[in-house]
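Asker:
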Amino acid sequence: MIQKHLFPLISSVILSQGIGAQEAAEKAKGNALESKITEVTVYADRARVTREVTLDLPAQTDRFSFAKLPSWIDEGSVRVSLKTTDGAKGEVLDVQIRRTYLTAASDEEVRKAQDAVQEISDQVNELSDKQKVIDQRRTHLESIRVFSLDKLPKDAAAREVKVAEYVDFLAFLETSLNKLNADRRALEKQRREIQPEQNARQKRLSELNSKAQMEERAVEVALRGEGQANVVLTYLLAGASWEPAHELRADEKGQMVHITSYAVVRQTTGEDWGVPKLSFSTQNLSRTARIPELDTLLVGEGRKASVRMLDQQEDTYQDALGNYKSQNRLWYFNNPVANNGIAIANLDLNDAIQQKSVQTFAKISGRATTAHFRALADKAVPSDGQPIRLPIGDLSLNRTERIVTAPEASLNAARVFELNNKNGQALLPGKVTLFLGANFLGSTAIEFVGPGEAFSLYAGVEDKVKVSRVLDSSKSEKRKTNFSSKTELQASWIIDVENLSDIEKIVRLADRIPVSQNEEVKVRSVKTLPKVTPDEKGLFSWDLVLKPKEKRILNVEYVVQYPKDYTQGSYINDSEGALQQQSGNNFEMNSLQLQLRSLESKFSK
Numbered sequence: 001m002i003q004k005h006l007f008p009l010i011s012s013v014i015l016s017q018g019i020g021a022q023e024a025a026e027k028a029k030g031n032a033l034e035s036k037i038t039e040v041t042v043y044a045d046r047a048r049v050t051r052e053v054t055l056d057l058p059a060q061t062d063r064f065s066f067a068k069l070p071s072w073i074d075e076g077s078v079r080v081s082l083k084t085t086d087g088a089k090g091e092v093l094d095v096q097i098r099r100t101y102l103t104a105a106s107d108e109e110v111r112k113a114q115d116a117v118q119e120i121s122d123q124v125n126e127l128s129d130k131q132k133v134i135d136q137r138r139t140h141l142e143s144i145r146v147f148s149l150d151k152l153p154k155d156a157a158a159r160e161v162k163v164a165e166y167v168d169f170l171a172f173l174e175t176s177l178n179k180l181n182a183d184r185r186a187l188e189k190q191r192r193e194i195q196p197e198q199n200a201r202q203k204r205l206s207e208l209n210s211k212a213q214m215e216e217r218a219v220e221v222a223l224r225g226e227g228q229a230n231v232v233l234t235y236l237l238a239g240a241s242w243e244p245a246h247e248l249r250a251d252e253k254g255q256m257v258h259i260t261s262y263a264v265v266r267q268t269t270g271e272d273w274g275v276p277k278l279s280f281s282t283q284n285l286s287r288t289a290r291i292p293e294l295d296t297l298l299v300g301e302g303r304k305a306s307v308r309m310l311d312q313q314e315d316t317y318q319d320a321l322g323n324y325k326s327q328n329r330l331w332y333f334n335n336p337v338a339n340n341g342i343a344i345a346n347l348d349l350n351d352a353i354q355q356k357s358v359q360t361f362a363k364i365s366g367r368a369t370t371a372h373f374r375a376l377a378d379k380a381v382p383s384d385g386q387p388i389r390l391p392i393g394d395l396s397l398n399r400t401e402r403i404v405t406a407p408e409a410s411l412n413a414a415r416v417f418e419l420n421n422k423n424g425q426a427l428l429p430g431k432v433t434l435f436l437g438a439n440f441l442g443s444t445a446i447e448f449v450g451p452g453e454a455f456s457l458y459a460g461v462e463d464k465v466k467v468s469r470v471l472d473s474s475k476s477e478k479r480k481t482n483f484s485s486k487t488e489l490q491a492s493w494i495i496d497v498e499n500l501s502d503i504e505k506i507v508r509l510a511d512r513i514p515v516s517q518n519e520e521v522k523v524r525s526v527k528t529l530p531k532v533t534p535d536e537k538g539l540f541s542w543d544l545v546l547k548p549k550e551k552r553i554l555n556v557e558y559v560v561q562y563p564k565d566y567t568q569g570s571y572i573n574d575s576e577g578a579l580q581q582q583s584g585n586n587f588e589m590n591s592l593q594l595q596l597r598s599l600e601s602k603f604s605k
C-alpha cells in the first residue's frame, strides 16, 4: 500500500542563521539528493516540476537537500511528500528553502585574472602605438612624393635634371612604402592571433565577477522513518510556456477528417527536464477562484457605487518572476546548456510568445472550464527555448462540404468543411495546418470548440467554381434630385456563378445591400433575383445547386439617396443618429460613406 505524507511549505527562506542552523545547512548540503524530474505540467506562463528520488529513510531525524535549483522557483509553491512501499513508514518533519550564491572567487583568483587581462591589453596597446608610427611614416612619405612631383617641373625649367637622381628617388619611395605595407600586415596578423586570447581572458574575469551575483535555491528536508521511500518535490518556476496547434487531414473522396492537436512547448527554465511525463493546462494560476456572483443591473438614471474586482496575484510567484527576468541570462552564462547561444537569443522571443498564450487562454476562461491535456508521446524538451511539438489529442469527425463565395469581397470560391465535435475533447484556439490527401492546402485558425459544438473550417480554394460581379451600366446611374441638394445612386449588379467541374456543386453565394443608420440617407427599391430577403445588417445569401457545367446569373438592385457632399466625409452621426457636419480636414468616414464613395468611383469611369 502506498502512503503519502504531504508537508506544505509555510515558512522559510533562510537568510541569516544561528550556529545550529548553519550546522544543519552544512549537514543537508552533505546529503545532497540526486533527484530526477519525472513529471512536468506546463501552463501559459510557468511550469510545475515534480522531482523524485528513492532513499532509505533514516531511523533518526536527518536532513537532505535538493540543491542547485534556479533562483526563480516559486517558494510558495514548494511541496514535499513521501511515497512509501508496503511495510515502510516515514514522515516529513521540516521543509526549508535556502538562498545560496555561487561561491565568490577569491581575491587572489580575481587579481590574477585582472593581471592577465591587463597584460594582454598592454600588448594590444603596443600594437596600436606601432600602427600610429606606420601611419605617420606613410603620411610623411606621401608628403615628400607630392612635394617632389610639384618641384620637378620647376627644376627642369631652371636646370638640367639628371634621370639617375629621379630614378633613385622613385626607388626610395617604392622601397619605403613596401616596407611600411609589410609592417602593417605583420601588425594585423599579430592582432588576429592575440584577439582570441584577449576574449578568453576577459571572459574568465567576467565569470569570476558574476559568480558573486548568481543565486541558487536549495530545498532542505528533514526526514525520519524506516524502510525505503520516494521523496517527491514539486514546485512552480518561470520560463516555460505552450500554445496549441492543429493538423487537419482529409481524404479527397471520403467523408472523414482527422484532426491531430499538438502542444508547442518552449522552455528556458535553465533546468534539464530529461524525458518526463508531460501535461499541459490552460489554467491561470494567478487568478483566485471565486464563486460566480452578479451585481445589480441598473437601467436608466440610477446610480450605484461601482465594485472593483481585482485578481489576487501570488506574491511569491511575482518574486520568482522578477528573479527570472533579472538572472536568467546570468544563469545561462554560468551554466551553459547545449545550444547555449540559441537559448539566450530565444529569451525575448519566448517572453512574447508567453504573453500571447496568456491572452489566448484568458479568452476561453469565460466560456469553458479549464482544459488539461496529457502528452501522447515522450519527447525531451531542451532548455534552449526551441519549439517542440507533442501530440495531445486525435479526433476523427464526419464532414459536410460546402462552397462559399462572396464575390464583392473576393472572386475566389472557398471550400468549407462543416464539422461537429461529437467527441469529449475540446479544441483550443490555434493555427490549423490543412492537408487534402497528399496536397498541402495552407493554414487557417480556429477559436475554442467545446465538446458537441459545431464549427466550420476553411479547406482551400475551390477552383472549379467561377464567379464574377459587375455593375450593369444599362440600369445603373448617378443623378441629382431636389434642386441638387441630394444625390441618388441606382446600382444594378450582375453576378455570374459557373460550375466548371463534371460533378454537382452546392454553392452558398453571399452578397449585401447598403443599410442606413440615419434619416438623411435612404435605401429603397431593393430587388434581388432570385428573390431573397436581406437581414437587418443588409446581408443575404443564395444556396445554389449547380449541375455540371451549369452557369447561373443573379441580380441585385437598389437605390441610395444621400446629401450631395456625404461621401466627402463632411458628415458624421451624432449620439441620436442624426447627421452633423464635421469641421476641419481630418474627416472620419463610416463604412456606408466608404461604400458609396466606391460606388461613385465606378460611375466616374
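Residue numbers (the numbering used here): 1 to 605.
We put the beta carbon where it would ideally sit given N, CA and C, even for glycine.
#1: Taking all protein chains shown into account, decide if V470 is buried (16 or more other Cβ within 10 angstroms of its Cβ) or exposed.
#2: By the three-class DSSP mapping on this structure, what secondary structure does R597 have?
#3: Considering just the uninterrupted stretch of the beta strand (DSSP E) at N230, what are its terminal residues?
#4: Quick one: residues in its chain with C-beta nearer than 8 angstroms to the C-beta of V275, no 5 flanking neighbours on either side, listed in chain order?
#5: With respect to the beta strand (DSSP E) encompassing I259, which residues constitute its N-terminal and C-terminal limits?
#6: Per the DSSP calculation, K363 is bridged to which residue(s)?
#7: May I have a chain-ordered list of the beta strand (DSSP E) segments no shorter than 3 residues that lie completely inside the stretch 36-94?
#8: Going by the beta-carbon positions, is the gap between L236 and D74 smaller than 7 angstroms?
#9: Whose C-beta lies closer than 6 angstroms to the C-beta of W131 among residues of the same chain, with five residues either side of it excluded?
#10: In angstroms, rounded to a whole number, what distance separates the CA positions of G442 and V432?
#11: Relative to the alpha-carbon of T139, which residue among H372, S176 and D543 has its alpha-carbon at the smallest distance?
#12: Need the endpoints of the beta strand (DSSP E) that F435 sits in, please.
#13: Using the rule of at least 16 other Cβ atoms within 10 Å of the residue's Cβ for burial, across every protein chain shown, is H372 buried or exposed?
#14: If I follow the unbroken beta strand (DSSP E) through F417, where does it start and stop?
#15: For the beta strand (DSSP E) that Q31 lies in, which residues bound it at each end?
#16: Any idea what DSSP makes of P244, helix, strand or coil?
#17: Between Q195 and E215, what straight-line distance do the alpha-carbon atoms span, to the nearest angstrom?
#18: In angstroms, rounded to a whole number, what distance separates the CA positions of T38 and S279?
#19: I think L457 touches N421, with their Cβ atoms under 8 angstroms apart; what is that distance to the nearest whole Å?
#20: Let me check understanding here. Comparing Cα to Cα, which of R508, T487 and A491 lies closest to V497?
#21: Can you list, in chain order, the residues of its chain whose CB lies under 8 angstroms from that of E607, leaving out five sequence neighbours each side?
#22: Closer than 7 angstroms, CB to CB, is I494 near chain C or not?
#23: Please report how far the alpha carbon of L55 lies from the alpha carbon of L205, in whole angstroms.
#24: Between the stretch 397-407 and the stretch 510-524, do at least 3 Cβ pairs fall closer than 8 angstroms?
#25: Apart from the five residues on each side of it in sequence, which residues of its chain come closer than 7 angstroms, Cβ to Cβ, to D502?
#26: Alpha carbon to alpha carbon, how far is A454 from S476? Give it in angstroms, no decimals.
#27: Mind checking which residues open and close the beta strand (DSSP E) that includes S474?
#28: Counting pairs of beta carbons, one from the stretch 105-119 and one from the stretch 247-266, are three or more of them closer than 8 angstroms?
#29: Closest by CA to P451, which one among W331, Y562, R63 and L395?
#30: How about S77 and S241: do their beta carbons lie closer than 7 angstroms?
#31: Please tell me whether S81 and V232 are closer than 7 angstroms, where the distance is taken between their beta carbons.
#32: Relative to the alpha-carbon of F333, which residue among L141, R137, K203 and P382 has its alpha-carbon at the smallest distance?
#33: Checking the sheet assignment: what are the DSSP bridge partners for L546?
#34: Here's a check: name, in chain order, each residue in its chain whose Cβ is nearer than 8 angstroms to the Cβ of L596, leaving out the five neighbours to either side.
#35: Looking at C-alpha atoms only, which residue of Q425, L427, A414 and G424 is the closest neighbour of V467?
#36: Can you find the residues in the same chain that come closer than 7 angstroms, C-beta to C-beta, to A32, ignoring five residues on each side of it along the sequence?
Answerer: Reading off the structure:
#1: Taking the sequence shown and counting its residues from 1, one reaches residue 470 at position 470. Under this definition V470 is an exposed residue.
#2: To locate residue 597, count along the sequence shown from 1; it is residue 597. Correct three-state label for R597: helix.
#3: Locating residue 230 in the sequence shown gives position 230, counting from the first residue. Taken as a continuous stretch (DSSP letters only), the beta strand (DSSP E) holding N230 covers Q228 to A238.
#4: Counting from 1 along the sequence shown, the entry for residue 275 is found at position 275. D378, K379 and A380, listed in sequence order.
#5: For the purposes of this step, residue 259 is taken as residue 259 along the sequence shown, with counting starting at 1. Where I259 is concerned, the enclosing beta strand (DSSP E) stretches over M256 to Q267.
#6: On the sequence shown, position 363 is the one that residue 363 refers to. Answer is none; K363 lacks a bridge partner.
#7: 36-42, 46-56, 62-70 and 73-84
#8: Reading the sequence shown from its first residue, position 236 is the one you call residue 236. Reading the sequence shown from its first residue, position 74 is the one you call residue 74. Yes. Within cutoff.
#9: As a working note, residue 131 is residue 131 in the sequence shown. Here residue 131 turns out to be Gln, not Trp, going by the sequence shown. So the qualifying residues of the chain are L187.
#10: Mapped onto the sequence shown, residue 442 falls at position 442. Mapped onto the sequence shown, residue 432 falls at position 432. Roughly 9 angstroms between the two C-alpha positions.
#11: Along the sequence shown, one-based indexing puts residue 139 at 139. The shortest Cα separation from T139 among H372, S176 and D543 belongs to S176.
#12: Indexing the sequence shown from 1 puts residue 435 at position 435. Unbroken beta strand (DSSP E) run through F435: G430 to L436.
#13: Working through the sequence shown from its first residue, we reach residue 372 at position 372. Exposed, because fewer than 16 other Cβ atoms sit within 10 Å of the Cβ of H372.
#14: Translated into the one-based positions of the sequence shown, residue 417 becomes position 417. Looking at the DSSP string, the run of the beta strand (DSSP E) that includes F417 is A414 to N420.
#15: Looking up residue 31 in the sequence shown gives position 31. It should be pointed out that residue 31 corresponds to Asn in this sequence rather than to Gln. Per DSSP, N31 belongs to no beta strand (DSSP E) and is neither H nor E.
#16: Counting from one through the sequence shown, the residue named residue 244 turns up at place 244. DSSP places P244 in strand when its eight states are reduced to three.
#17: Looking up residue 195 in the sequence shown gives position 195. Looking up residue 215 in the sequence shown gives position 215. Near 32 angstroms, if we compare the C-alpha coordinates of E215 and Q195.
#18: Against the sequence shown, residue 38 aligns to sequence position 38. Against the sequence shown, residue 279 aligns to sequence position 279. If you take the alpha carbons of T38 and S279, they lie about 12 angstroms apart.
#19: In the sequence shown, residue 457 corresponds to position 457, counting from 1. In the sequence shown, residue 421 corresponds to position 421, counting from 1. With 8 angstroms as the limit, L457 and N421 do not qualify as a contact, their Cβ atoms being about 11 angstroms apart.
#20: Working through the sequence shown from its first residue, we reach residue 497 at position 497. Out of R508, T487 and A491, R508 has the C-alpha closest to the C-alpha of V497.
#21: Residue 607 lies beyond the range of the chain shown here (1 to 605); nothing can be said about it.
#22: Considering every chain present, this structure includes no chain C. It has just one protein chain.
#23: Within the sequence shown, numbered from 1, the residue matching residue 55 stands at position 55. Within the sequence shown, numbered from 1, the residue matching residue 205 stands at position 205. Computed Cα separation, rounded: 40 angstroms.
#24: yes
#25: Position 502 of the sequence shown holds residue 502. For D502, where only same-chain residues beyond five positions count, the Cβ hits under 7 angstroms are P548.
#26: Numbered from its first residue, the sequence shown carries residue 476 at position 476. Numbered from its first residue, the sequence shown carries residue 454 at position 454. Approximately 42 angstroms, taken between the alpha carbons.
#27: Translated into the one-based positions of the sequence shown, residue 474 becomes position 474. It is not in any beta strand (DSSP E) - S474 carries neither H nor E in the DSSP assignment.
#28: no
#29: Sequence index remark: in the sequence shown, residue 451 carries index 451 (1-based). Answer by Cα proximity: L395.
#30: Here residue 77 refers to the residue found at position 77 when the sequence shown is read from its first residue. Here residue 241 refers to the residue found at position 241 when the sequence shown is read from its first residue. In this structure, S241 does not lie closer than 7 angstroms to S77 by Cβ.
#31: Counting from 1 along the sequence shown, the entry for residue 81 is found at position 81. Counting from 1 along the sequence shown, the entry for residue 232 is found at position 232. Yes; because the gap between Cβ atoms is below 7 angstroms, this pair is in contact.
#32: Working through the sequence shown from its first residue, we reach residue 333 at position 333. Taking only the C-alpha atoms, the option nearest F333 is K203.
#33: The residue given as residue 546 occupies position 546 in the sequence shown. L546 pairs with K505.
#34: Here the question's residue 596 lines up with position 596 in the sequence shown. Here the set comprises L489, P514, V560, Y562, Y566 and T567.
#35: Position 467 of the sequence shown holds residue 467. When only C-alpha atoms are compared, the closest one is A414.
#36: Position 32 of the sequence shown, counted from the first residue, corresponds to residue 32. Excluding residues within five positions, the ones whose Cβ falls inside 7 angstroms are S65 and A67.
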